[in-house]
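Structure first, commentary second.
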Amino acid sequence: MSENKKKVIIVGAGLAGFSAAIEAYQNGASVTLLEKTDKCGGNSFKATSGINGVGTEAQILINSQDTPVKFLKDTIKSGGGISKEDLAEKLVNESTEAVSFLTELGVDLSVLCQCGGHSEKRTHRAKPQEKIRNIGMTIMLTLIEFAKDKIEIIMKASLKELLTNEEGEVIGVKYEKDNEMIDLRGDNVVLCTGGWCADKSSDSLLNKYTPNLMSLPSTNGQFATGEGVKIAHKIGAGLIHMDKIQIHPTGFVSPKDPKSPTKWLCPEAVRASGGILINGKGKRFVNELGRRDHVTEKIFEQKDRYLVSEEVTDLESYPFVSYILLNEEARELFSPKFLDFYGRFGFVQKLENGQVFCKKFGIKNEVLKKTFTDYNKGAEKGQDEFEKTVFPVKNFDFEKPLWLLTITPSLHYSMGGLKMNKKAQVLNGEDKVIKGLYAAGETTGGVHGQNRLAGNSLLECVVYGRTAGINSALN
């Protein structure tokens, strides 16, 4: 073992943490990975849409006309123009390498789809497998298997403090395990502790910066509480875009517990495969592949509450909902196996035809028939009244089977977080580097602006996780 071997401490065992750990190890560091729960994966394990990339093998195979310029334009536009452009440029320019990093480890990323806000097909995921696995699970299981005998992983280890010297440089961490406080010192610390969209406590970052969102359900695991951001801020780390929270337009509403504060995510890939959004009156109201914030806003504008019996007196306690309808073609594009999997939890209902939908919601058949006719005409022309120009499926037939999904907007992603530079170094309030401290993933802010593109979260985890791992090992 080299005497100059760096000791790198990584906190958080999601995709950013494992990307950092693998690169730190491969660049000669001794790596310790701390995870506060009893399982690795974090929210990355739950990711469903895929990872973005431009110039990849999958794009080359379809003769894609995508370019880094197009990808960057989509990212900046989706972020409302407030993304830190140097950070977004790095995200885009290193996306090819990020996808290759995963495929070289054995992850299949051969399936492409065009999600909301994208001008090209660039979101990569795997072909359907025998076992039901979303793409986040597939990625994480691959990285965990690769890294498990190469790095030290300490589970149920909760970060409590960043240790600093007299110059304010980070020299280690204090963590709690089995009711014991432990000081762990190292050359560099990488924070990959995720966001805070699950924390509804009075002292949460959610309540501090966006109290108006506290009543919404969340797609996040209960571990997403933002402690990395809080602890780093205590030693002077700067914060950016803390009020920018992404509300995902489609969280599944379970008929067993429609008021549950935690929602399973209905993948954006459902709409990218041709699912259409319908309100309680049987009408479309938005470009299903528009930006997430725009689609969410339009769902709220419909003011449709979850359908309950007339005897219910607390209607306002039920979520605002809309409905996704898929035809057979859309079902095939998305994955019948995955749709059936969601159906086992009551999230998907197969309808014999459009008449069944109309009867269920008290809608005249002619209304839904017109909705389908108008959609089909727009698909034929390549543009409709909602400025939709991408139509994964062309024909909805009132007389044929449909698949019904009930969805509600849900807290999904915290765009803000710790300030960082292109080297993944954490910056203080004056934009100066805090020596010894790096960060990656949802813990950081500045990349996504006010609204993140689907597929850019996994990409950010890989691009900046790898950067943090390499730089923490070599500096």
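Under UniProt numbering, think of the first position of the sequence shown as 1, with each following residue one higher.
Glycine included, C-beta positions come from ideal geometry on N, C-alpha and C.
- Counting only the Cα atoms, Gly-382 lies some 17 Å from Ala-330.
- In this structure Thr-373 is exposed. Its beta-carbon is surrounded by fewer than 16 other beta-carbon atoms within 10 angstroms.
- In this structure Phe-345 is exposed. Its beta-carbon is surrounded by fewer than 16 other beta-carbon atoms within 10 angstroms.
- Ile-60 counts as exposed, since fewer than 16 other C-beta atoms from the protein chains shown sit within 10 angstroms of its C-beta.
- Shortest Cα-Cα distance from Pro-261 to any of Glu-288, Gly-416, Ser-218, Ile-62 involves Ser-218.
- Membership of Ile-171 in the beta strand (DSSP E) is indicated by the continuous run 170-177.
- Within the segment 367-455, the beta strand (DSSP E) runs of at least 3 residues that lie entirely inside it are, in chain order, 402-414, 425-427, 433-439.
- Annotated as proximal: Ile-247 and Pro-409, with beta-carbon spacing under 8 Å.
- Contact fails between the segment 279-288 and the segment 251-267, because fewer than three Cβ pairs, one in each stretch, are under 8 Å apart.
- By the criterion of a C-beta distance shorter than 7 Å, Leu-105 is surrounded in its chain by Thr-142, Leu-143, Phe-146, once the five residues flanking it on both sides are discounted.
- Scanning its chain for C-beta atoms nearer than 6 Å, with the 5 sequence neighbours on each side dropped, one finds around Ala-379 the residues Phe-391, Lys-394, in chain order.
- Spanning the alpha carbons of Asn-428 and Ser-19 requires a straight line of approximately 24 Å.
- Taking C-beta separations shorter than 6 Å and ignoring five residues to either side along the sequence, the partners of Glu-23 in its chain run Arg-466, Gly-469, Ile-470, following chain order.
- In the DSSP assignment, the residues bridged to Val-11 are Leu-34, Leu-191.
- Distance from the CA of Leu-405 to the CA of Gln-349, rounded to the nearest whole angstrom, comes to 7 Å.
- Contact annotation: the segment 55-71 does not touch the segment 183-202, with fewer than three C-beta pairs closer than 8 Å.
- If you ignore the 5 residues before and after Tyr-175, its C-beta comes within less than 7 Å of the C-beta of Leu-34, Ala-157, Ser-158, Leu-159, Lys-160, Ile-182, Leu-184, all in its own chain and listed in chain order.
- Boundaries of the alpha helix (DSSP H) harbouring Val-92: 85-93, taken from the DSSP string.
- Straight-line measurement puts the Cα of Ala-13 at about 10 Å from the Cα of Phe-45.
- When secondary structure is reduced to three states using DSSP, Asn-43 falls in the helix class.
- For the segment 211-248, the continuous alpha helix (DSSP H) assignments of 4+ residues that do not extend past its boundaries occur at 227-234, in sequence order.
- Secondary structure at Gln-302: helix, using DSSP grouped into helix, strand and coil.
- Between Lys-369 and Phe-398, the C-beta spacing is below 8 Å.
- Contact between Ala-232 and Leu-191 is confirmed by a C-beta separation of about 6 Å, below the 8 Å threshold.
- Take the alpha-carbon of Ser-254 and the one of Phe-347: they are about 6 Å apart.
- In the DSSP assignment, Gln-349 is bridged to Leu-404.
- Sorting Ile-62, Glu-167, Met-242 by C-alpha distance to the C-alpha of Gln-450 places Met-242 at the top.
- For Tyr-342, the enclosing alpha helix (DSSP H) covers residues 336-343.
- Boundaries of the beta strand (DSSP E) harbouring Asp-183: 180-185, taken from the DSSP string.
- Gln-302 has its alpha-carbon roughly 50 Å from the corresponding atom of Lys-435.
- The beta carbons of Arg-452 and Met-420 sit no closer together than 8 Å.
- Assignment of Ser-202 by DSSP, reduced to helix, strand and coil, places it in the coil class.
- Residue state for Cys-113 is assigned as strand, using DSSP reduced to three classes.
- Thr-296 and His-412 have their C-alpha atoms spaced approximately 12 Å apart.
- The DSSP-derived three-state label of Asn-471 is helix.
- By the 16-neighbour rule on beta-carbons within 10 angstroms, Asp-38 is exposed.
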